[in-house]
Amino acid sequence: MEDEIQLSDLQHPTSEVKAVEHSQLPTQSYANSPQDLKSSLAANDSTLTAIPNEVEYPTGIRFTILTISLMLMIFMIALDTTIMATAIPAVTTQFHSISDIGWYTGAYLLPIMALQPSFGKIYSFFSIKYVLLCALLLFETGSLTSALSPNSSIFILGRVVSGVGAAAIFGGGMILISLAVPLHRVALYLSVMSSMYGAAALTGPPIGGLFTSSARLTWRFCFYINLPFGGISVLLMLLAFREPKREKTTLTLKEKIKKMDLTGTTLFISSMVCLFLALQWGGNSIPWSNSKAWGLIVGFGLLLIAFIALQFKLGENATIPPRVFSARSVILAQLIAILLSIGTNTHTFYLAFYFQSAKGLSASASGIRSLPYLLSVTFTELFVGAGVSWTGIYNPFMIIGTAIYIVGCALLCTLQVDTGEGNVIGYQILAGIGFGSSLALCATVLRVNVRDEHIPIAGVLAPFAPMFGGTLAASMGQNIFRRSLVEKLLQSVSPEMALKIVEAGARGGAGVVNEDLKGVVLESYNYAVKRTFWVSAVASGCAFVCTLGLKWKKIEKKRPAAEPAEVVNV
Numbered sequence: 020m021e022d023e024i025q026l027s028d029l030q031h032p033t034s035e036v037k038a039v040e041h042s043q044l045p046t047q048s049y050a051n052s053p054q055d056l057k058s059s060l061a062a063n064d065s066t067l068t069a070i071p072n073e074v075e076y077p078t079g080i081r082f083t084i085l086t087i088s089l090m091l092m093i094f095m096i097a098l099d100t101t102i103m104a105t106a107i108p109a110v111t112t113q114f115h116s117i118s119d120i121g122w123y124t125g126a127y128l129l130p131i132m133a134l135q136p137s138f139g140k141i142y143s144f145f146s147i148k149y150v151l152l153c154a155l156l157l158f159e160t161g162s163l164t165s166a167l168s169p170n171s172s173i174f175i176l177g178r179v180v181s182g183v184g185a186a187a188i189f190g191g192g193m194i195l196i197s198l199a200v201p202l203h204r205v206a207l208y209l210s211v212m213s214s215m216y217g218a219a220a221l222t223g224p225p226i227g228g229l230f231t232s233s234a235r236l237t238w239r240f241c242f243y244i245n246l247p248f249g250g251i252s253v254l255l256m257l258l259a260f261r262e263p264k265r266e267k268t269t270l271t272l273k274e275k276i277k278k279m280d281l282t283g284t285t286l287f288i289s290s291m292v293c294l295f296l297a298l299q300w301g302g303n304s305i306p307w308s309n310s311k312a313w314g315l316i317v318g319f320g321l322l323l324i325a326f327i328a329l330q331f332k333l334g335e336n337a338t339i340p341p342r343v344f345s346a347r348s349v350i351l352a353q354l355i356a357i358l359l360s361i362g363t364n365t366h367t368f369y370l371a372f373y374f375q376s377a378k379g380l381s382a383s384a385s386g387i388r389s390l391p392y393l394l395s396v397t398f399t400e401l402f403v404g405a406g407v408s409w410t411g412i413y414n415p416f417m418i419i420g421t422a423i424y425i426v427g428c429a430l431l432c433t434l435q436v437d438t439g440e441g442n443v444i445g446y447q448i449l450a451g452i453g454f455g456s457s458l459a460l461c462a463t464v465l466r467v468n469v470r471d472e473h474i475p476i477a478g479v480l481a482p483f484a485p486m487f488g489g490t491l492a493a494s495m496g497q498n499i500f501r502r503s504l505v506e507k508l509l510q511s512v513s514p515e516m517a518l519k520i521v522e523a524g525a526r527g528g529a530g531v532v533n534e535d536l537k538g539v540v541l542e543s544y545n546y547a548v549k550r551t552f553w554v555s556a557v558a559s560g561c562a563f564v565c566t567l568g569l570k571w572k573k574i575e576k577k578r579p580a581a582e583p584a585e586v587v588n589v
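So in the numbering used here, spot 41 of the sequence shown is number 60, and the numbers just go up one at a time.
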């Protein structure tokens, strides 16, 4: 109770929703044959026929252009995450909004996560190309809004708009790839696509630090940079993408909208918002004993139960048909992706606070020192993707990878202000290898273990789990970070001074105290970062346990047409 009163006294409330994001490794949905594609695109509406049997995978220059277009889209969305990791401390300083760190992340991830299932339906009823083009336009509009934002509220609004666009881009990208890649090349192609995240992760922090450190460019160019990538992606897609032929449906627009399960979508989005707000506010702006906090938790549970009940009632017409989760490995793969994303989202953003707030480094120096983590993720993904394509087995890579991830997460929890650079680099490499060995393969597990008619749903569920993990990380991370920071500061300074330090922002805290108290500020930030990293350590252990439950299954080059799903016995 004492902590809750102190935190309430120090809270700088905001009524706005904020955004910035963390990245997730892009994930895809694939078709094994033209017939698979036919059943998959028609899965949500019997009046829609997907692709004629004679359609083949694109080849030559068209395949190359299509691949480049998709890679640019993934790079753009990933860059929008990683480039901001080193810029967030500067944003909090300019807007005096350190209490909104979680909103900067969550307001972008929340719409991506919540809208993923809905876009599976939208792409079943409407043109893939034009929905994807509208999504790109929406994403660019959100980026421009954030770049021009005069205050924190407009900044967050832009991130929400970008999140909606990114949700549609993810879903469209998954279905687009299903038109181009056979099943036995899933892991390899997924690794190539994921390498775009790696490329963004490598270039994002240094570029973000460079922009942030520049008096002329500032952090706003972290969003302006999205505009040319989006424009090029649109042009290439218009040149190379051919809309799959479908029989004309007799459904009217009103009937299509009715079949999109808007009630289920509303219930699901509402439940996710309740959960996010509960984790965001609980213990910060309001004590956990407050009726508002418990009301949000209860609301989340009731709304989620109502959504699940509705999905069972609607059956195959549901937003998420219950049969998609009839295989144990599908459930575990989603859970592993959530846990791994919680871990690395936490690392990505709070390593920036460690370097800039605890070590007192510049934004550009912080970005450079984050490269070992990102490099190890990128190269490990490519190696593991090739390994799975060669062996056809993913279980050993995921089990060993999560075990290594546990070690890396535990070591990062031991960071001190004076920890040597060699140790920090080594800890990041271990965590990066573990993460890179595991997360991208979750999408492979999902694709291999679902029925062909559920390919579109699997395609949009694949990025849902990482986004959900990222949203949870944003809420839990900010809650623990801020509480720990205040707790440590109050051991050495008055509540008034603690409030002044917190409101000064991550990069300005040491500048508002006397020289003899600067060490206290640095130690307090270090303590808060370490406490926050325990979220990653716990998540990594849970992910390892889940990998042990995955069904051992060899990926065949040609999938049997009537392969049954593994049913969970309850």
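The beta carbon of each residue, even a glycine, is placed where N, CA and C say it ideally should be. Predicted, not measured: the structure shown is a model, and the values here were computed from it.
is_contact[T100, chain D] using C-beta, thresh 8 Å: In summary, chain D is missing from the structure at hand, where a single protein chain is found.
G489, DSSP secondary structure in three states: helix
Span of the alpha helix (DSSP H), counted from its first residue to its last, around P108: DSSP places P108 in the uninterrupted alpha helix (DSSP H) bounded by I107 to F114.
Integer Cβ distance of G228 from A384, believed to fall under 8 Å: 7 Å
Spatial distance of K572 from L394 (CA atoms): 30 Å
Opposing strand residues paired with L305 [DSSP bridges]: Checking the displayed sequence, the identity of residue 305 turns out to be Ile instead of Leu. DSSP, once it has assigned bridges, lists G301 as partnering I305.
Rounded straight-line distance, which links the Cα of N468 to that of G427: 30 Å
Buried versus exposed, by CB contacts within 10 Å (16 or more), M439: The residue asked about is misnamed: residue 439 is Gly in this sequence, not Met. G439 comes out exposed.
Nearest-angstrom Cβ-Cβ length linking F552 and Y369, presumed shorter than 8 Å: 7 Å
Pair within 8 Å by beta-carbon distance, F260 and L85: yes
Stretch-stretch touch, CB-based, cutoff 8 Å, three pairs: the segment 88-100 with the segment 173-193: yes
C-alpha gap between V180 and E534, whole angstroms: Computed Cα separation, rounded: 43 Å.
Euclidean distance between Cα positions of T124 and P169: T124 and P169 have their C-alpha atoms roughly 19 Å apart.
Nearest-angstrom Cα separation, counted from I251 out to L315: 42 Å
Contact belief for F416 with V403 at Cβ below 8 Å, rounded distance in angstroms: 5 Å
With 16 other Cβ atoms within 10 Å as the buried cut-off, status of N245: buried
Exposed unless 16 or more other CB atoms sit within 10 angstroms - verdict on I147: buried
DSSP-derived helix/strand/coil call for K573: Coil, per DSSP.
First through last residue of the alpha helix (DSSP H) which encompasses M279: That residue, M279, is in no alpha helix (DSSP H); it is neither H nor E in DSSP.
Helix, strand or coil at R501 according to DSSP, with G and I counted as helix: Helix, per DSSP.
Local Cβ density within 10 Å of Q447, reported as buried at 16 or more and exposed below that: It is buried - the Cβ of Q447 has at least 16 other Cβ atoms within 10 Å.
Among T105, L458, A356 and Y142, nearest to R239 - alpha-carbon criterion: T105
Exposure of L434, with buried meaning 16 or more beta-carbon neighbours within 10 Å: buried
Integer-rounded CB distance, given that A377 should sit under 8 Å from L541: 5 Å
Of the residues T237, T160, G496 and L390, the one placed nearest G13, counting alpha carbons only: This structure cannot settle anything about residue 13, because the visible part of the chain is limited to 20 through 589.
Three-state class that DSSP yields for E40 in the structure shown: Per-residue confidence for E40 stands at a pLDDT of 34, beneath the threshold of 50, marking its modelled position as unreliable; no derived number is given.
Per-residue burial, I357 [other beta carbons within 10 Å of its own, 16 or more giving buried]: buried
Reduced DSSP category for V469 - H, G, I as helix; E, B as strand; rest coil: Here V469 sits in coil by DSSP.
Sequence-distant residues of its chain with Cβ nearer than 6 Å to S559 (five each side left out): Close CB contacts of S559 within its chain, under the 6 Å cut and outside five residues either way in sequence, are with G362, Y424, I425 and C428 (chain order).
Which of helix, strand or coil DSSP assigns to T284: Secondary structure at T284: helix, using DSSP grouped into helix, strand and coil.
Inter-residue CB distance, S555 and T399 (contact presumed, cutoff 8 Å): Not a contact, Cβ separation roughly 17 Å.
Cα-Cα separation, A450 to L504: When rounded, the distance between both Cα atoms is 24 Å.
A422 versus S456 - alpha carbon distance: 10 Å
Of the residues A459, A126, Y243 and K549, the one placed nearest V443, counting alpha carbons only: K549
Local conformation of N533 per DSSP, three classes: coil
Rounded separation between E522 and S162 - CA only: 26 Å
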